[in-house]
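Peer 1: First the structure, then my questions, so here it is.
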Amino acid sequence: MDEPHDDQDVRQPVDPHHVTAVRHLLGSHEPSPGTVAEGRARLLAEAAATATVSSLEPVRRRRRGRRGRWAGVGLSLAAAAAAVAVLVPMGLSGGGTSVVPRTGVPAPATTELTARQVLLAAAVAVEKAPASGDYWRIATVDRSTLTDPTRSYVIETRWSGEQWLTERPDLQGWRIRRYLGAKPVTPRDEEAWRAAGAPTSWRYSEDMKSEQFAAPPPGGTLEAAAGERTAERLRGRWKGTAGDLIWDSITWQEARAIPDDPGKLRTYLEKYVRRQVAHPDSGIDVEKEMPRLLRAVCIRMITGLPVSPEARASAYRILASLPGIRAGGEITDPLGRRGQALVYREEAEPGLFTEIRFVVDPGTGLPLAEMRMNVAKGADGRTVEIPSSTSYQAIGWTDERPEPPAHRD
Amino acid sequence: MRMTAPPDSPGRLDDAALIEQSRHRPESFATLYDRYFGDIYRYIAARIGPQAADDLASETFLVAFRKRDGFDPERGAVRRWLYGIATNLLAGHRRSETRRLEALARVPVASPAESEHADRVAAQVTAAATQRRLAAELSRLPDGERDVLLLVAYGDLSYEEIAQALDIPLGTVASRLNRVRRKLRAALNDITAESGGSDG
């Protein structure tokens, strides 16, 4: 079948003017900044979720032989169920809270809630959320920070996004985005920005070394001014999916099949995690990492998947049974709302941690924000803290209709 | 050192090292995204149009990220690997690609703007006719031949890189390109050198 090469010049597979004609016909389309940012965010989201898994690989190797860090991990389903029924002091390592209720004793009336109390309160509250609607809507505001090209001050960029997913064939799913602009973060940054001539856009050179979580914008230019609201019809892979559960997209049918009951949900999620993560050459001890993996899928379920209110409540209950989550007290989220912070850490690389504050409103059971504090090495070797966040303005079923702007696709 | 680094050429070390690094520091993969997203996007957008490319280009990097453990630096550079993944994903969009090409083959000759000179209009009409012929020819190409042509046109890949990207023998790449070359020559009557416009 395969002919050997003829005597054509191997380095010039097609006549150059044919290439020109093909390119002229099919065009050279540049991705919009929104597309670039969205794709990057998707990738980083996936990377962040995976960080819980693979970042531990080298760490674990070094720590082999030490006493198990996850001593309290092997929570049986019965124990999980018990945690649902009462505020049980499991005494798990990493619980790390000041107020530990004793078995069978009601939690003391104090403003200092434990992580478990917050999570179980959220579980009870979220069960009252609407169970159906025409659209599954998620509205978010994303913030991230980076330094200016000269590294003299820090700039914050903001994006808003709405996702309108629907199973109804007569309705259109949409993704609506808007770049909300960029500005110096603190008064000191603003001062440095003014001193630099108050630029309204920043040009990053190609060779500027990207820092962890703070790479220069793809395309090289960052604009201070906000952009237009743009909308995109969901099609292809995104049409007909109900979102994703970290590693894989989930169909509506699959979303409906996710169990409501905490015990069954845990079994289901553990199976799902094993199926997604356990390939023989991954070098990951799935069973050992299961608490972190479960934490990641539960949080993803709570912040994104159109599952029943009962299933979301169960995800909170599973979180309540996991080690490594501590209470961060009442804090203000990036949109100025008060909520209870649940704090956990991910080891991005040995010795470098990302601290995540998962802010929930225990009154409604809705997540308010995920605030991440990443630590990176600055140009001078100094440790730089780079905050970023996703704030949730809405997560849930609605009969409202999206209002895509005139500028679409 | 976690493991012995495979021998590699300095030019490739950067990308391959990033993949290696991303195994324990997943967000490193974003640097590869920054380097190649534009390339991959243009390739995909040329084949299935910019709207569908938005998702598929980003999907390419997600798939690459998930498969990063399977990346073998001995089997070529990261860039051609990404083109290979994109081409595999495009295989699921053959129908939209063909529909797009068929539509391009039917594009009516654009109505000239009021102030255009007559000779310019004539040149445009000729160019448009050539483009329609080219579009029709592309839509008729077997998938494998269209893959290699567009990898050359948009990825600027060599025979060897295409063979690596698609995981097919070098001889197959060569024979496919020979056939493509013959067909394009026939379709374009070799008058395209004059018809290449400047607007995109």
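Sequences listed follow chains A and B, in order.
For the first sequence, my numbering begins at 5 and goes up steadily by one.
For the second sequence, my numbering begins at 158 and goes up steadily by one.
In this text, a Cβ means the ideal position worked out from N, Cα and C, and glycines have one as well.
Small disclaimer: the values here were computed from a predicted structure and weren't measured.
#1: How far does the alpha helix (DSSP H) with R321/A in it reach, from first residue to last?
#2: Counting only runs of 3+ residues fully inside the region 225-302 of chain A, write out the beta strand (DSSP E) ranges in chain order.
#3: What do you get for T190/A, buried or exposed, if any count of 16 or more other CB atoms within 10 angstroms of its CB means buried?
#4: Quick one: does L297/A have its CB under 8 Å from some CB of chain B?
#5: Are the C-beta atoms of G31/A and some chain B residue less than 8 Å apart?
#6: Within 10 angstroms of the Cβ of A286/B, are there 16 or more other Cβ atoms? Answer buried if so, exposed if not.
#7: Assign R181/A to one of three DSSP states: helix, strand, or coil.
#8: Please compile the residues from chain B whose C-beta is within a distance smaller than 7 Å of the C-beta of V23/A.
#9: Would you check if the region 391-406 of chain A and the region 196-211 of chain A touch, i.e. whether three or more CB-CB distances between them fall below 8 Å?
#10: Determine the direct distance from the alpha carbon of A49/A to that of L239/B, and round the result to whole angstroms.
#11: Residues of the region 38-49 of chain A in Cβ contact with chain B at a cutoff of 8 Å, in chain order, please.
#12: Among the residues of its own chain, which have a CB less than 7 Å from the CB of V88/A, if the five just before and after it don't count?
#13: Please confirm if the region 249-260 of chain A is in contact with the region 224-240 of chain A, defined as three or more CB-CB distances below 8 Å between the two stretches.
#14: Just how far apart, CA to CA, sit T402/A and A143/A?
#15: I need the boundaries of the alpha helix (DSSP H) containing L334/B, first residue and last residue.
#16: Would you check if the distance between the CB atom of V311/A and the CB atom of A235/A is smaller than 8 Å?
#17: I want to verify the contact list: residues of chain B whose CB lies under 8 Å from the CB of R181/A, in sequence order.
#18: If we ignore side chains and look at the alpha-carbon of each, how far apart do M305/A and E254/B end up?
#19: Using the three-state DSSP reduction, which class does L213/B fall into: helix, strand or coil?
#20: Would R338/B count as contacting chain A if we go by Cβ distances under 8 Å?
#21: Could you name the residues that DSSP lists as bridge partners for P343/A?
#22: Using a Cβ-Cβ cut-off of 8 Å, state whether Y198/B counts as contacting chain A.
#23: Taking a Cβ distance cut-off of 8 Å, strictly less, list which residues of the region 214-228 of chain B are near chain A, in chain order.
#24: Would you please verify whether the beta carbon of Q18/A is less than 8 Å from any beta carbon of chain B?
#25: Does any CB atom of chain A fall closer than 8 Å to the CB of G233/B?
#26: Would you mind giving the Cβ-Cβ distance between L346/A and I335/A, rounded to the nearest angstrom? I have them listed as a contact below 8 Å.
#27: Indicate whether at least one CB of chain A lies closer than 8 Å to the CB of E184/B.
#28: Within its chain, find whatever has a CB closer than 6 Å to the CB of R141/A; leave out the 5 residues flanking it on each side and keep chain order.
#29: Under a CB-based cut-off of 8 Å, is L239/B close to chain A?
#30: Counting beta carbon pairs with one atom in the region 242-260 of chain B and one in the region 207-220 of chain B, are three or more of them shorter than 8 Å?
#31: Thinking C-beta only, is R147/A closer than 8 Å to R162/A?
#32: Whose C-alpha, out of P295/A, E171/A, L372/A, is nearest the C-alpha of W256/A?
#33: Verify whether the separation of the beta carbon atoms of Y183/A and P37/A is less than 8 Å.
#34: Can a CB atom of chain B be found closer than 8 Å to the CB of P391/A?
#35: Assign V18/A to one of three DSSP states: helix, strand, or coil.
#36: I'd like to check one pair, P338/A with S395/A: are the Cβ atoms closer than 8 Å?
Peer 2: Looking at the atomic coordinates:
#1: 313-325
#2: Taking 3 residues as the minimum length, the beta strand (DSSP E) runs contained wholly in the region 225-302 of chain A are 225-227, 233-237, 245-248, 253-255, in order along the chain.
#3: Residue burial annotation: T190/A is exposed, with fewer than 16 other C-beta atoms found within 10 angstroms of its C-beta.
#4: no
#5: yes
#6: exposed
#7: strand
#8: V309, A310
#9: no
#10: Answer to the nearest angstrom: the Cα atoms are 20 Å apart.
#11: Within the region 38-49 of chain A, contact with chain B at the beta-carbon level (separation under 8 Å) is assigned to T39, V40, E42, G43, R44, R46, L47, L48.
#12: Residue placement at V88/A cannot be trusted, given a pLDDT of 30 that sits under 50; what the coordinates show is reported in the next sentence. Once the five neighbours on either side are set aside, the close Cβ partners of V88/A are P266, R321.
#13: no
#14: 12 Å
#15: 327-345
#16: no
#17: Chain-order list of chain B residues neighbouring R181/A: empty, with the shortest C-beta distance near 11 Å, by a criterion of under 8 Å.
#18: Between M305/A and E254/B, the C-alpha separation is close to 35 Å.
#19: Three-state result, L213/B: helix.
#20: yes
#21: The amino acid occupying residue 343/A in the given sequence is Gly; Pro does not appear at that position. G343/A pairs with I335/A.
#22: yes
#23: Listed by position, the residues of the region 214-228 of chain B near chain A (Cβ gap below 8 Å) are A214, S215, E216, F218, L219, F222, R223, D226.
#24: Reading the sequence as shown, one finds Val at residue 18/A and not Gln. Yes, contact with chain B.
#25: Under the Cβ criterion of 8 Å, G233/B is not counted among the residues facing chain A.
#26: At roughly 10 Å, the Cβ-Cβ gap does not stay under 8 Å, so L346/A and I335/A are not in contact.
#27: yes
#28: W168, A398, T402
#29: False, the Cβ-Cβ gap to chain A never drops below 8 Å.
#30: Output reads yes: the region 242-260 of chain B touches the region 207-220 of chain B.
#31: yes
#32: E171/A
#33: yes
#34: Interface criterion not met: the Cβ of P391/A is under 8 Å from no Cβ in chain B.
#35: V18/A falls in the coil class under three-state DSSP.
#36: yes
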